[in-house]
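For reference, the structure is listed below as structure tokens.
In my numbering, the protein residues as written are 2 to 134.
Structural data, given as structure tokens:
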């Protein structure tokens, strides 16, 4: 128990990428999905510092630099979240179960990595698809 974050090894620098994450098991929805820069700490949730941008399951809020703001509905077990990163327009958007939630972040850095945070040891997510749009 306690936030643990992982970043992917795919470097996002240009174009438009997306990936779908299915929430297989979630104790309390304390899962954050998004992107980060190299400096993201493994012991902080994505969005807790200025190193990451996230959509949080337990609140439905978007988070960056420790500031959480209203964004979309909560998500948890059984949901699929699509993360869409447009490096040309420098924006991040999310979808929940196929419903577009709109742009969450503007003016993002020019080099990012896919990232996620889990809080409970038994939480489980699956990357279902990765592509471009």
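Think of the CB as a built atom: it goes at the ideal place given N, C-alpha and C, for glycine as much as any other residue.
Beta-carbon spacing of residue i, residue j below 8 Å
i	j	result
residue 46	residue 111	no
residue 113	residue 13	yes
residue 215	residue 18	Not covered by the structure: residue 215. The range shown for the chain is 2 to 134.
residue 102	residue 25	no
residue 85	residue 94	yes
residue 21	residue 130	yes
Whole-angstrom C-beta distance between residue j and residue i, which should lie under 8 Å
i	j	result
residue 53	residue 37	4 Å
residue 108	residue 91	6 Å
Per-residue DSSP class, three states only, for residue i
i	result
residue 100	strand
residue 65	strand
residue 130	strand
Environment of residue i [buried if 16+ CB atoms lie within 10 Å]
i	result
residue 73	buried
residue 119	buried
residue 63	buried
residue 49	buried
>> Going residue by residue through the region 6 to 59, where are the continuous beta strand (DSSP E) segments of at least 3 residues, counting only ones entirely within it?
In response: 17 to 26, 32 to 37 and 53 to 57
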